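J.:
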Amino acid sequence: MNAKLKKFLIAAAAVAAAALLFLAGYFTYYLTMSGGLRSLLWVKDMVQDEYYEEVSDDEFWQAAIDGVMDSLDAYSAYYTADEYDAVIDSDRGIRSGIGASFFSGTNKVYRIALNSPLFFAAEGGVEAGMYLTGVGESESSLTLTDTYAKVSAALSSASGKVVLRFSSVSASDTENCVYVTVEPAVYTESHVLYASGGKAYAYLLAGEEYVWTDVSAYVTVEEKVPEGAAYIQLTQFEGNAGNEFARAALQYKEDGADTLLFDLRNNGGGRLSVMQQIARYLCKDASAGSTVLEARYRSGKKELYTIDASLYETYFAGSRIYAAGNGKTASASEALLGAMISYGTLGYGDIFVTQTAGEDSARTYGKGIMQTTFRNGATGEAIKLTTAEIYWPNGVSIHGKGITAADGAAAVQAVSDGEYGDPELSDIFSRIA
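Residue numbers (the numbering used here): 26 to 458.
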């Protein structure tokens, strides 16, 4: 046997041995799988071999993941790597688009994002409660957008500047409208709006720095705030909201106001770390190290969320503080209200809760559970799971119940959440002035 042939046979034997070891390892691994996993692999093989249409590996595994997620609660979610990158940007307040958010399934605006393209372009002419009834390249070539599906399709297909038609009358109105030309862009949203003494302010990112900015030309809420009172609206516990609230608290102190309305209507929550930042200012009888929320896990583990300082006396000493919420006030918003109740800042009677037409009672949403996001470092994908129940410092859980008029909260009647002109806010101020 010549040397070349001998080397070939040795190499072939090595490859064969490696293949046998691989197969042995695979079958050992297969036999140690749970029955459910073996069944899933069998289903995958059958679908890909016998189904009349081709199903790729990616399509099969995504369908399997979707099936699992559909069996969990509405707050749990799976994210691809790209989707999770977008979530991280959102948590930082980074958005793209025109800056309008809509009530679920409708073309009715519930928020114009502070610092967004639409916020500046509208110059105060577009407010929550208005309907986006048309999108197009010009006023004469608008597509009717009387549903959210039409709004989404029209905005996603638009490129460059677009003309938007807004109505305060109805979802399909085309006559009594205002028109705004705006160009979608990437922007950093601010979440705190302050108003007092006929002025409104927000902490807006300008270049690389946040600037305390007079935004009175772009909003109208300052017209509703009575003399000696102040208004702080917090739209989400995201991005730079903790620092924004701190700046608003400083302005409150500088203005010498003695009454504050803290508006959490339509605030569905956000990051607990931001809630902790803001709670430092709003828990009257708390001190550094006080618990503002307790999380209880399935395992029996309890986790305490605390504040590292108590700043109430520095900024709000001697003040009367009220809060506003509605059926879309949830999660971190309700947790913060619970901390304020637990530490004597608020009584239930100091909380104004919306009762819309057709509802049996006035209440906040009632979300007393917490989600945790787990990231797969190898792939960049992530999964958000409900992991704990949350309790106020006084031991109360509002999950499935919310804060209600039955608890003593003051009911405020409204046609719906987010009516144009906000007559609900005027009603609240008339009661506390």
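In this text, a Cβ means the ideal position worked out from N, Cα and C, and glycines have one as well.
This one's a predicted model, so the numbers in the text were calculated from it and none came from an experiment.
#1: Checking 8 Å against the spacing of the C-beta atoms, do Tyr390 and Ala436 come in under that value?
#2: Could you work out which residue in Gly154, Ala138, Asn140, Cys202 is closest to Val160 when comparing CA atoms only?
#3: When we look at the beta-carbon of Gly214 and count the other beta-carbons within 10 Å, is it buried (16 or more) or exposed?
#4: Suppose only complete runs of 4+ residues qualify. What are the alpha helix (DSSP H) ranges in the stretch 225-289, listed by chain order?
#5: How should Gln87 be labelled, buried or exposed, when 16 other C-beta atoms within 10 angstroms of its C-beta is the threshold for buried?
#6: Got a sec: does the ligand ADP put a non-hydrogen atom nearer than 7 Å to the Cβ of Ser221?
#7: Distance, Cα to Cα, Lys224 vs Lys186?
#8: My output table needs one value for Ser215: the three-state DSSP class, helix, strand or coil.
#9: Have a look at the DSSP bridge pairing and note the partners of Gln16.
#10: Quick one: what does DSSP say Phe399 is sitting in, helix, strand or coil?
#11: So, is Asp417 buried or exposed, given that buried needs 16 or more other C-beta atoms within 10 angstroms?
#12: Find the nearest neighbour of Val205 within the set Tyr322, Ile415, Glu79, Gly149, judged by alpha-carbon distance.
#13: Just the C-alpha distance for Met460 and Ser358, rounded to the nearest angstrom, thanks.
#14: Between the alpha carbons of Tyr104 and Gly405, how many angstroms are there, rounded?
#15: Please look up how many angstroms separate the CB atoms of Gln301 and Val317, rounded, as I've assumed it's under 8 Å.
#16: What does a CB cutoff of less than 8 Å around Leu297 pick up in its chain, not counting 5 residues either side in sequence?
#17: What distance in whole Å lies between the Cβ atoms of Gly369 and Lys278, which are believed to be in contact at a cut-off of 8 Å?
#18: Just to confirm, is the Cβ distance from Ala458 to Ala254 under 8 Å?
#19: For a minimum of 4 consecutive residues, which ranges assigned as the alpha helix (DSSP H) are wholly contained in the stretch 292-354?
#20: Assess, as a yes-or-no matter, whether the stretch 186-196 is touched by the stretch 230-247 under the definition of 3 or more beta carbon pairs within less than 8 Å.
#21: Count the other CB atoms, across all protein chains shown, that sit within 10 Å of the CB of Ala403; report buried if there are 16 or more and exposed otherwise.
#22: Are Asn132 and Thr168 close, meaning C-beta to C-beta below 8 Å?
#23: Starting from Val194, trace the alpha helix (DSSP H) both ways and give me its first and last residue.
#24: Could you tell me the distance, in whole angstroms, from the CA atom of Tyr135 to the CA atom of Gly232?
#25: Does the Cβ of Ala541 have 16 or more other Cβ atoms within 10 Å, making it buried, or fewer, making it exposed?
#26: Where does Tyr103 sit, in a helix, a strand or coil, going by DSSP?
#27: Restricting to Cα atoms, I'd like to know which of Asn401, Glu75, Ser441 is closest to Ser129.
#28: So, is Phe47 buried or exposed, given that buried needs 16 or more other C-beta atoms within 10 angstroms?
#29: Of the choices Ala282, Ala227, Glu252, whose alpha-carbon is the least far from that of Gly267?
#30: Between the C-alpha atoms of Leu34 and Ala102, what's the straight-line distance to the nearest angstrom?
#31: Could you round the C-beta distance between Ala407 and Thr397 to whole angstroms and report it? I think they count as a contact, below 8 Å.
#32: In angstroms, rounded to a whole number, what distance separates the CA positions of Ala342 and Phe377?
#33: Assuming the contact rule is C-beta atoms closer than 8 Å, Val151 and Leu143 should be a hit. Round their C-beta distance to whole Å, please.
#34: From Asp452, Tyr322, Glu338, pick the residue whose C-alpha is nearest to that of Ala413; which is it?
#35: How would you write the range of the alpha helix (DSSP H) that Ile457 sits in, first residue to last?
#36: Which residues bound the beta strand (DSSP E) around Arg117?
T.: On the basis of the data shown:
#1: no
#2: Cys202
#3: Note that residue 214 is Glu in the sequence shown, not Gly. Result: buried.
#4: 266-280
#5: exposed
#6: This structure lacks the ligand ADP; in fact it carries no ligand of any kind.
#7: 31 Å
#8: strand
#9: The requested residue 16 does not occur in the structure, where the chain is confined to residues 26 to 458.
#10: strand
#11: Here residue 417 is Trp; the residue named in the question, Asp, does not match the sequence. Label assigned to Trp417: buried.
#12: Gly149
#13: It is not possible to answer for residue 460, since the shown part of the chain is limited to 26 through 458.
#14: 9 Å
#15: 6 Å
#16: Phe262, Leu318, Tyr330, Ala357, Ala360, Met395
#17: The Cβ separation is near 20 Å, so there is no contact.
#18: yes
#19: 297-307, 337-341
#20: no
#21: exposed
#22: no
#23: Val194 -> no alpha helix (DSSP H), and no H or E assigned at all.
#24: 27 Å
#25: No answer is possible for residue 541: it lies beyond the span of the chain, which begins at 26 and ends at 458.
#26: strand
#27: Ser441
#28: Since pLDDT at Phe47 reaches only 49, below the 50 mark, its modelled position is unreliable, and no value is offered.
#29: Ala227
#30: Low confidence applies to Leu34: its pLDDT is 49, below 50, so where it sits in the model is not reliable enough to give any reading.
#31: Contact flag wrong, Cβ pair sits at about 10 Å.
#32: 22 Å
#33: 7 Å
#34: Tyr322
#35: 448-457
#36: Arg117 -> no beta strand (DSSP E), and no H or E assigned at all.
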